[in-house]
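Have a look at the structure below before the remarks.
Protein chains: 2
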Amino acid sequence: MLRLHDVAASSNGYKVRLLLAQLRRPYELVEVDIFRGGSRTPAFLEGNPSGQVPVLQLESGQWLPESNAILAYLAEGTVLLSQDAALRARTLGWMFFEQNAVEPKLGSARYWKLSGRDRGREQALAYLQEAGRSALEVMERHLSRYSFFVEEHYSIADIALYAYSHLAPEAGVSLEPYPAVRAWISRVQAQPDFIPGPAPYPAWARV
Amino acid sequence: MLRLHDVAASSNGYKVRLLLAQLRRPYELVEVDIFRGGSRTPAFLEGNPSGQVPVLQLESGQWLPESNAILAYLAEGTVLLSQDAALRARTLGWMFFEQNAVEPKLGSARYWKLSGRDRGREQALAYLQEAGRSALEVMERHLSRYSFFVEEHYSIADIALYAYSHLAPEAGVSLEPYPAVRAWISRVQAQPDFIPGPAPYPAWARV
């Protein structure tokens with residue numbers, strides 16, 4: 095059986111859990127205690143040198159790190175990832191955009207604020223929030239014309255982009271100026287087998 | 095013929111030019127004047143809502159944004175991207191890591207320093223440099239055990255990660271503490287049909 099090394103509060107992990115739910119794939123969850131060094135053990139770092147969750151462990155025992163790579167692996171052969179070469183590349187393109195412009199900005203700002211790591215880093219936080227707004231503007235520009243990110247069909251690009259953009263308010267970034275993004279968030283939440291997430295940060299994770 | 099919308103000084107663009115050279119694929123280069131708004135025109139934003147280079151324009155006329163998605167598209171069916179599902183996912187995984195942990199840290203810090211945009215943002219710059227060092231540590235950990243990023247073979251994951259990591263000194267981050275990364279950089283530069291890059295920033299791009 096597939097085994098997912100993950101943390102309930104991780105929205106990168108939530109992407110994978112959402113896709114697994116929508117594909118109705120059974121899996122075993124291994125909760126990693128990242129706040130107490132569980133992802134920095136020699137065994138974990140051998141499977142994923144970046145020391146991050148989620149990691150999907152295949153039936154073969156192989157470890158697959160990186161949430162968006164896991165989405166692409168699991169969605170292969172399903173309607174959530176096109177077989178057309180150009181459409182696949184556009185799907186991956188939005189997922190690279192997510193890892194570049196959304197997750198390290200809105201995701202990091204959210205983590206800092208929820209865990210108390212923003213104290214003494216006001217300028218760096220303001221930079222992340224401003225860059226997060228720029229990413230939301232790009233999404234708004236696209237979603238003003240299209241229902242989803244690739245060809246009007248819900249895909250793994252939507253799952254990837256939903257994970258941190260819907261949490262923008264927790265990063266201190268309002269979604270008020272982005273009506274097309276808010277309408278798209280509602281469409282994602284209305285998909286079959288949708289599950290909400292991620293779980294809240296545990297209070298003891300605060301520094 | 096393939097048409098590449100690009101800027102000589104972009105290292106995201108350089109990734110694509112390096113791969114095209116190594117695949118010996120002919121293409122037409124369209125130089126975009128990003129420093130004077132050339133990527134913010136309505137026509138450009140229709141093809142790529144993020145307003146970023148590079149964009150690959152296919153023979154069909156379709157626009158493919160995002161450097162790493164372009165790499166995956168062009169490398170399909172070549173030895174630079176495995177056909178094995180798990181190895182493909184690991185290749186993409188390192189490329190997502192690059193867009194998350196390397197490009198927005200070392201790439202942004204380099205851009206700020208070379209263009210004068212670091213003035214008044216010392217704290218944010220220090221954050222980017224520190225995060226860039228963390229990414230180089232992850233790469234060092236992997237490269238201490240393996241010659242390349244996926245299965246001991248040069249792949250598009252190496253092209254993606256080379257683009258900004260070899261420029262770390264221009265971001266104000268020394269490569270001295272990372273001997274395995276430096277040895278890997280030499281191996282990448284020794285590949286057949288390697289071309290150096292990217293071009294230096296034009297002096298007039300400074301603010």
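First to last, the sequence lines map onto chains A and B. Quick note: the first sequence uses this note's numbering, first residue 95, plus one each step. Quick note: the second sequence uses this note's numbering, first residue 95, plus one each step. Beta carbons: idealized from backbone N, C-alpha and C, even for Gly.
Residue ranges of uninterrupted alpha helix (DSSP H) with 4 or more members, entirely inside the stretch 164-233 of chain B and ordered along the chain, are 179-191, 202-209. Residue state for Gln285(B) is assigned as coil, using DSSP reduced to three classes. For Leu158(A), the nearest beta carbon of chain B is closer than 7 Å to its own beta carbon. Taking the CA atoms as reference points, Leu208(A) sits about 35 Å from Val301(B). Around the beta carbon of Met189(A), a 10 Å sphere encloses 16 or more other beta carbons of the protein chains shown; the residue is thus reported as buried. The continuous stretches of beta strand (DSSP E) do not include Leu112(B), which lies in the alpha helix (DSSP H) extending over residues 105-117. Residue contact with chain B for Gln285(A): absent (no Cβ-Cβ distance below 7 Å to any residue of chain B). Assigned with DSSP and collapsed to three states, Asp252(B) falls in helix. Among the residues of the stretch 256-283 of chain A, none has a Cβ less than 7 Å away from any Cβ of chain B. Cβ neighbours of Val149(A) within its own chain (closer than 7 Å, five residues either side excluded): His99, Gly141, Asn142, Trp157, Leu158, Pro159.
At a cut-off of 7 Å, the C-beta of Ala254(B) has no neighbouring C-beta in chain A. Partner residues in the beta bridge of Val149(A), as assigned by DSSP, are His99(A), Pro159(A). Tyr258(B) places its beta carbon less than 7 Å from that of Ser105(B).
Below the 7 Å Cβ cutoff, chain B contributes Pro143, Ser144 as neighbours of Val232(A), in chain order.
In the DSSP assignment, Leu139(A) falls within the alpha helix (DSSP H) that extends over 136-141. Less than 7 Å divides the Cβ of Ile289(B) from the Cβ of Leu112(B).
The CB of Phe191(B) comes closer than 7 Å to the CB of Ser144, Glu160 in chain A, given here in chain order.
Contact between Ala166(B) and Leu152(B) does not hold, since their C-beta atoms are separated by about 14 Å, which reaches or exceeds 8 Å.
Contact of Leu168(B) with chain A is not assigned, every C-beta pair being separated by 7 Å or more.
Across the set Arg213(A), Pro296(A), Ala137(A), Gly171(A), the C-alpha of Gly171(A) shows the shortest separation from the C-alpha of Leu117(A).
Taking a cut-off of 8 Å for Cβ pairs, the stretch 227-243 of chain A and the stretch 276-286 of chain A touch, as three or more such pairs fall below it. Within chain B, the residues Tyr167, Glu170 have their CB atoms less than 8 Å from the CB of Ala179(A), given in chain order.
Contact between Val282(A) and Asp252(A) holds, with the beta-carbon distance rounding to 6 Å and staying under 8 Å. With a threshold of 16 other beta carbon atoms within 10 Å, Gln177(B) falls short and is exposed.
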